[in-house]
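**Q** Here the protein sequences come in this chain order: L and C.
Here the first sequence is numbered in the numbering used here, starting from 820 and rising by one per residue.
Here the second sequence is numbered in the numbering used here, starting from 57 and rising by one per residue.
Every residue gets a Cβ at the ideal spot worked out from N, C-alpha and C, and that includes glycine.
If you scroll down you'll find the structure; I have some questions about it.
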Amino acid sequence: MEQETITRVASIKEPSEVAAIREQCKAALERRKICFRVCAGTACIAGGSLEVYEELKKQIQQRGINVDVELLFEGGETEAGASTSGCHGFCQMGPLVRVEPQGTFYNKVKVENVPDIIAATLEEQGVVEDLLFENKDGSRATIEKEVPFYAGQKRIVLGGCGTINPEDIRNYFAVDGYKALAKCLTEMTPEDVVEEVKKSGLRGRGGGGFPTGRKWESALKAVGRPKYIICNADEGDPGAFMDRSLIEGNPQLVIEGMIISAYGVGAKYGVVYVRAEYPLAVTRLFKAIDQAREYGLLGENIMGTGFDFDIEVFQGAGAFVCGESSALRASIEGLPGEPTAKYDHATDKGLWEKPTVLNNVESFANIPIIINHGADCYASMGTEKSKGTKVFSLVGNIVNTGLIEVEMGTTLRKIIFEIGGGIPDDKPFKAVQTGGPSGGCLPADKLDMPVDFDQLTEAGSMMGSGGMIVMDEGACVVNVAKYFIEFCNDESCGKCISCRDGSAALLNILERICEGEGREEDLETMEDLCHAIDDASMCGLGTSLPNPVLSTLHYFRDEYLAHIKDKNCPAKVCKPLFTYEVITDNCKMCGLCFRNCPSDAVIWKKKEVAEIIQDKCVKCGICKEVCKFDAVE
Amino acid sequence: MVTFTLNGTELEVKEGTTLLEVARDQGIEIPTLCYHEEMSTYGACRLCLVEVVRRDWPSIQPACLYPAREGIEVNTDTERVRKSRKILLELYLARSPESQVIIDLAKEYGIRDTRFKLKESERSECILCGLCVRACAEISKRHAISFAHRGSKRMIQTPFEELADTCVGCQACAFVCPTGVIKIDEAD
Ligand SMILES: Cc1cc2nc3c(=O)[nH]c(=O)nc-3n(C[C@H](O)[C@H](O)[C@H](O)COP(=O)(O)O)c2cc1C
Ligand code: SF4
Ligand code: SF4
Ligand code: SF4
Ligand code: SF4
Ligand code: FES
Ligand code: FES
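Written out as structure tokens, the structure reads:
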């Protein structure tokens, strides 16, 4: 048994074989004493991580060490090797390399650093100090868990992202891959599976937060045949990359979740609807599906149990609105990717009018975890009505941008100031936009709010798919609202007048306010319009697009009024609504502003206070930035 | 058969009947711009909004699409419906300020002016109701007209700008167009 190889793939004939394969894969991978794991997520690859990977392999080989992975699976062992992984979430510090099993965490690794890393690891049993993460106080963190960005996280769904090679299913087997499916197929009836998911309290991660178990229950009871499973990987929110990273980093987890779902509801066919603009995710997905098929985990007679299910990949054209359930279905059916009215549940009449379960990538990724650990354990995480964890993409004016996973109920403060490391240059926090383009903007006094589906909705925002954009005092909320409304107007399918022309009319008012032409009655007009857009629009894009306007009007009304009444943009963003002036008392007459002004708008002579000529000033703010004496305001 | 109440009257209708069909049957007026009984429904104009209470949950729904369902309570003329409809009419006025049909309809709701402004490129006498698209496809069976683009750039691609060889000049589209924006030159 020990020496039995698994390089020549044999289809799994019965669920009990999964355990044996797991032990073999684990043992094989452990026969590689040290592994340099290089991040091969989209961002790190762009930063040159694959060159680092090749160099690592080359230099290890030069030491006479065999780095061929197949050797391990043939029973051989090796001193060291290199492997890749999906995104670790901390892309801004990439390319990342982790040394396993020690866990030494190197960031911003360049090809030139490879000899040092290898020498430190293989010869000195030490670390390359300079490549370790540097804390604010100058101290260094050796392993991921010591880095504040990771310390506050609970990486369960993302657990495999950054730790396993997503392109080799044997890595997934080694970390309990397909154990959950084997358990379902042997110990659980479809009803048990659905009941377990219901009990876990899992709610859909794609935006709506609908209870997944209840959706599955309806599909299980539906009479139509065949039934379909669709995985929604359209992910169109600007700045969001949760689903992309999951598919790139651990595609088998998502696939296993889909197979379990199919078993639970009795579906034969599955579709992953993925944006074509995600080439790496698409490639890895195809690879993962092929490998799953080779092992008899997809196709006919899965694990010899007589259960049939297979998955196709559908590459979407990339319109944001195609992520909406009815538009997504239409798009797969070859119709225009436009939402349609739905009064039948998709679980009765979905794709091709057949019972359909549509879930988000992250929702499916939670399933194997729920089955492996049990619904009760899962439900012990999170808040009363939002269980488990949530993946967020943290972007904007924040020190640590990236992909994070936290327990539901974690406060915004912890997310932004501990994990996110706060605002760069310790500027004051102003707002955070959650829920993507049609989410809401929350102010500082909501920082201690525990983040879950219901709290966010109550505060006038939403969970959405987990985008989080942090803004410092330099952001103008009117301008922010304008940006999101513009996005929604562009992405509206254009069917409903309320959504199409309503967003255009909102945009028109917002533009006017930003130009200093706002009128006091505009605020009420916008509120009226927002409520009508919500009431009258057909799909979620229209009904939620007023959120950025309504939430900023609610929390930052004074800022709107400053624009309208005082003709002043306090954040100095709306150019017609502010000026830069030299504060005579502060000016040390250094002339820096004069030398840096791109527009010759500063008058200055030696030993004279500088002065800004407003007619010439293009309001670029450079003078304010360069002045060392805070003399420009 | 399903039983529900419409403006306080309990009614029994065939399952699948839309609220608009029932209302028209009962002589209740609901304005529409994208509905035609000879064609499939589309739900773009949003004027046919009514208030539906289902399982104690009130919501605003388009009557032309929403099916009569067991136990629901429908009101065609509530404050909330009127408010949203008036805003829509203001949007229509902003979009098609020259359309007599729109001006007249707005007037019926006491609206003579609009608070909203759309850019020149966003204005048009075409209200994108899609009746012409459906008429061409469903009545003339030609599929010569279609929608193009998204958001505010959405427009109708008619065969008249560039004569589609599929157009047989039947004028069904011009006949159904609520704003009369489609004009076919007889000489063509
Ligand atoms: C405009 C719009 C865009 C959407 N985009 C996505 C998306 O990219 N991915 C996604 O999972 N859900 C998206 N949704 C939500 C889906 O309609 C659907 O609710 C979800 O996929 C269901 O899966 P879940 O229950 O697992 O969340 C979108 C909804 C709307 C209205
Ligand atoms: S609400 Fe907007 S995106 Fe949705 S169907 Fe209507 S126009 Fe299209
Ligand atoms: S940079 Fe500042 S201190 Fe120097 S001249 Fe300009 S305003 Fe004065
Ligand atoms: S804001 Fe820019 S253009 Fe204006 S004075 Fe300062 S540097 Fe010159
Ligand atoms: S041309 Fe007329 S019928 Fe066609 S969409 Fe426009 S308004 Fe409707
Ligand atoms: S791609 Fe490497 S950390 Fe995200
Ligand atoms: S008639 Fe119902 S939406 Fe136009």
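Would a C-beta distance cut-off of 9 Å place L:E833 and L:M1200 closer than the cut-off?
**A** As a position in the first sequence, residue 833 of chain L is number 14, starting the count at 1. As a position in the first sequence, residue 1200 of chain L is number 381, starting the count at 1. The answer is no: Cβ separation not under 9 Å.
**Q** Step through the CB atoms of chain C and report whether any lies within less than 9 Å of the CB of L:R856.
**A** Here residue 856 of chain L refers to the residue found at position 37 of the first sequence. L:R856 does not count as touching chain C.
**Q** Who are the neighbours of L:I1316 on chain C, taking C-beta pairs under 8 Å?
**A** Within the first sequence, numbered from 1, the residue matching residue 1316 of chain L stands at position 497. Neighbours of L:I1316 on chain C, chain order: A100, C101, R102, L144, L147, Y148, R151, I183, L184.
**Q** Compute the minimum distance between the beta carbon of C:I143 and the heavy atoms of ligand 5, and state whether it is under 8 Å.
**A** Residue numbering aside, residue 143 of chain C sits at position 87 when the second sequence is read from its first letter. No, since every heavy atom of ligand 5 falls outside the 8 Å radius drawn around the Cβ of C:I143.
**Q** Whose C-alpha, out of L:Y1197, L:L1360, L:C858, L:F992, is nearest the C-alpha of L:P1256?
**A** Position 437 of the first sequence, counting from 1, holds the residue named residue 1256 of chain L. Looking at the Cα atoms, L:L1360 is the closest of the given residues.
**Q** State buried or exposed for C:M57, treating a residue as buried only when at least 16 other CB atoms are found within 10 Å of its CB.
**A** As a working note, residue 57 of chain C is residue 1 in the second sequence. Classification of C:M57: exposed, given that the 10 Å Cβ count is below 16.
**Q** Does the Cβ of L:G914 lie closer than 8 Å to at least one heavy atom of ligand 6?
**A** In the first sequence, the residue the question calls residue 914 of chain L occupies position 95. Here residue 914 of chain L turns out to be Pro, not Gly, going by the sequence shown. Because some heavy atom of ligand 6 lies under 8 Å away, the Cβ of L:P914 counts as near it: yes.
**Q** Kindly indicate if chain L contains any beta-carbon less than 9 Å away from that of C:G207.
**A** As a working mapping, residue 207 of chain C is identified with position 151 in the second sequence. Chain L, which has a Cβ nearer than 9 Å to the Cβ of C:G207, makes this yes.
**Q** Bridge partners for L:M1290 per DSSP, in chain order?
**A** On the first sequence, residue 1290 of chain L is found 471 positions in, with the first residue counted as 1. Paired residue(s): L:A1250.
**Q** Residues of chain L with a CB under 9 Å from the CB of C:R111: which are they?
**A** Counting from 1 along the second sequence, the entry for residue 111 of chain C is found at position 55. Here the premise fails: no neighbours, minimum Cβ distance about 14 Å.
**Q** Can you find a C-beta in chain C that's less than 9 Å from the C-beta of L:E823?
**A** On the first sequence, position 4 is the one that residue 823 of chain L refers to. Low per-residue confidence applies at L:E823: pLDDT is 49, beneath 50, and the placement is therefore not dependable, though the value from the model is reported in the following sentence. No, L:E823 lies away from the interface with chain C (no Cβ there is under 9 Å from its Cβ).
**Q** Does DSSP classify L:F1211 as helix, strand or coil?
**A** Counting from 1 along the first sequence, the entry for residue 1211 of chain L is found at position 392. Under the three-state reduction of DSSP, L:F1211 is assigned to strand.
**Q** Would you mind giving the Cβ-Cβ distance between L:M1227 and L:V1251, rounded to the nearest angstrom? I have them listed as a contact below 8 Å.
**A** As a working note, residue 1227 of chain L is residue 408 in the first sequence. As a working note, residue 1251 of chain L is residue 432 in the first sequence. Going by Cβ atoms, the distance from L:M1227 to L:V1251 rounds to 17 Å, so no, they are not a contact pair.
**Q** Using the beta-carbon of each residue, which ones in chain C are nearer than 9 Å to L:T1344?
**A** By 1-based counting over the first sequence, the position of residue 1344 of chain L is 525. Here the neighbours are R171, F172.
**Q** With the cut-off set at 9 Å, would you say L:G905 and L:G1076 are in Cβ contact?
**A** Residue 905 of chain L sits at position 86 when you count from the first residue of the first sequence. Residue 1076 of chain L sits at position 257 when you count from the first residue of the first sequence. No, Cβ-Cβ distance for L:G905 and L:G1076 is not below 9 Å.
**Q** Checking contacts by CB at 9 Å: is L:N1366 closer than that to chain C?
**A** Reading the first sequence from its first residue, position 547 is the one you call residue 1366 of chain L. For L:N1366, the answer is no, since every Cβ of chain C falls outside 9 Å of its Cβ.
**Q** In chain C, what lies closer than 8 Å to L:N1308 by C-beta?
**A** Within the first sequence, residue 1308 of chain L is the residue found at index 489, counting from 1. The contacting residues are G207, S208.
**Q** Between L:K1314 and the rest of its own chain, which residues show a CB-CB distance below 8 Å, the 5 nearest in sequence each way excluded?
**A** Along the first sequence, read from residue 1 onward, the residue named residue 1314 of chain L stands at position 495. Within the same chain, L:K1314 has close Cβ partners E1157, P1158, M1357.
**Q** Can you check which of these residues, L:K1246, L:A1198, L:P1367, is closest to L:I1217 by C-alpha distance?
**A** Within the first sequence, numbered from 1, the residue matching residue 1217 of chain L stands at position 398. Of the candidates L:K1246, L:A1198, L:P1367, the one whose C-alpha sits nearest the C-alpha of L:I1217 is L:K1246.
**Q** For C:K139, return the contacting residues in chain L, with the cut-off set at a CB-CB distance below 9 Å.
**A** For the purposes of this step, residue 139 of chain C is identified with residue 83 of the second sequence, where counting begins at 1. Near C:K139 (Cβ distances below 9 Å), the residues of chain L are D1347, H1350, A1351, D1354.
**Q** Is the distance from the Cβ of L:I853 to the Cβ of L:E898 below 9 Å?
**A** As a first step, residue 853 of chain L is located in the first sequence; it is residue number 34 there, counting from the start. As a first step, residue 898 of chain L is located in the first sequence; it is residue number 79 there, counting from the start. Yes; because the gap between Cβ atoms is below 9 Å, this pair is in contact.
**Q** Contact check, L:G1285 vs L:M1007 under 8 Å by CB: the rounded distance?
**A** Here residue 1285 of chain L refers to the residue found at position 466 when the first sequence is read from its first residue. Here residue 1007 of chain L refers to the residue found at position 188 when the first sequence is read from its first residue. Going by Cβ atoms, the distance from L:G1285 to L:M1007 rounds to 30 Å, so no, they are not a contact pair.
**Q** Tell me whether L:S1311 counts as near ligand 6, meaning its Cβ is closer than 8 Å to at least one heavy atom of that ligand.
**A** Against the first sequence, residue 1311 of chain L aligns to sequence position 492. No; taking the cut-off as 8 Å, the Cβ of L:S1311 has no heavy atom of ligand 6 nearer than that.
**Q** Which ranges does the alpha helix (DSSP H) cover as unbroken runs of at least 4 residues, wholly within the stretch 1277 to 1337 of chain L, from first to last along the chain?
**A** Taking only runs of at least 4 residues, the alpha helix (DSSP H) segments lying wholly in the stretch 1277 to 1337 of chain L are 1296 to 1310, 1316 to 1333.
**Q** Beta strand (DSSP E) containing L:E1346: first to last residue?
**A** The residue you call residue 1346 of chain L lines up with position 527 of the first sequence. It is not in any beta strand (DSSP E) - L:E1346 instead sits in the alpha helix (DSSP H) that spans 1340 to 1355.
**Q** Following a CB-centred definition, is L:A1450 positioned closer than 8 Å to any heavy atom of ligand 4?
**A** For the purposes of this step, residue 1450 of chain L is taken as residue 631 along the first sequence, with counting starting at 1. No; taking the cut-off as 8 Å, the Cβ of L:A1450 has no heavy atom of ligand 4 nearer than that.
**Q** For ligand 4, I want to know if L:G1440 counts as a neighbour, meaning its beta carbon is within less than 8 Å of at least one of the ligand's heavy atoms.
**A** Taking the first sequence and counting its residues from 1, one reaches residue 1440 of chain L at position 621. Correct: L:G1440 has its Cβ closer than 8 Å to ligand 4.
**Q** Report all residues from its chain with a CB closer than 7 Å to the CB of L:Q822; omit the five preceding and five following residues, and keep chain order.
**A** The residue given as residue 822 of chain L occupies position 3 in the first sequence. Confidence at L:Q822 is low in this model, with a pLDDT of 43, below 50, so its placement is unreliable and no value can be given for it.
**Q** Would you mind working out which of L:F1413, L:A1041, L:D1434 sits nearest L:K1425, comparing C-alpha positions?
**A** Taking the first sequence and counting its residues from 1, the one referred to as residue 1425 of chain L is at position 606. Nearest C-alpha to L:K1425: L:F1413.
**Q** Can you find a C-beta in chain C that's less than 9 Å from the C-beta of L:G1321?
**A** Here residue 1321 of chain L corresponds to residue number 502 of the first sequence, with the count starting at 1. Yes, contact with chain C.
**Q** Among residues of its own chain, excluding the 5 on either side of L:Q1134, which ones have a beta-carbon nearer than 7 Å to its beta-carbon?
**A** Taking the first sequence and counting its residues from 1, the one referred to as residue 1134 of chain L is at position 315. Shown here for L:Q1134: same chain residues with a beta carbon closer than 7 Å to its own, the five before and five after excluded, namely V1093, A1095, V1101 in chain order.
**Q** Label L:A829 either buried or exposed according to how many other C-beta atoms from any shown protein chain fall within 10 Å of its C-beta, with 16 as the threshold for buried.
**A** Translated into positions along the first sequence, residue 829 of chain L becomes position 10. With fewer than 16 Cβ atoms within 10 Å of its Cβ, L:A829 is classed as exposed.
**Q** Quick one: is the Cβ of L:V1428 within less than 8 Å of any heavy atom of ligand 3?
**A** Residue 1428 of chain L sits at position 609 when you count from the first residue of the first sequence. Yes, the beta carbon of L:V1428 sits closer than 8 Å to at least one heavy atom of ligand 3.
**Q** Should L:V1437 go down as buried or exposed, given a rule of 16 or more other Cβ atoms within 10 Å for buried?
**A** Taking the first sequence and counting its residues from 1, one reaches residue 1437 of chain L at position 618. Exposed.
**Q** Can you name the residues that DSSP bridges to L:K964?
**A** Walking along the first sequence from the start, residue 964 of chain L turns up at place 145. Its beta-bridge partners do not exist; DSSP assigns none.
**Q** Per DSSP, what kind of secondary structure is L:P1070 in: helix, strand or coil?
**A** Along the first sequence, read from residue 1 onward, the residue named residue 1070 of chain L stands at position 251. It is helical.
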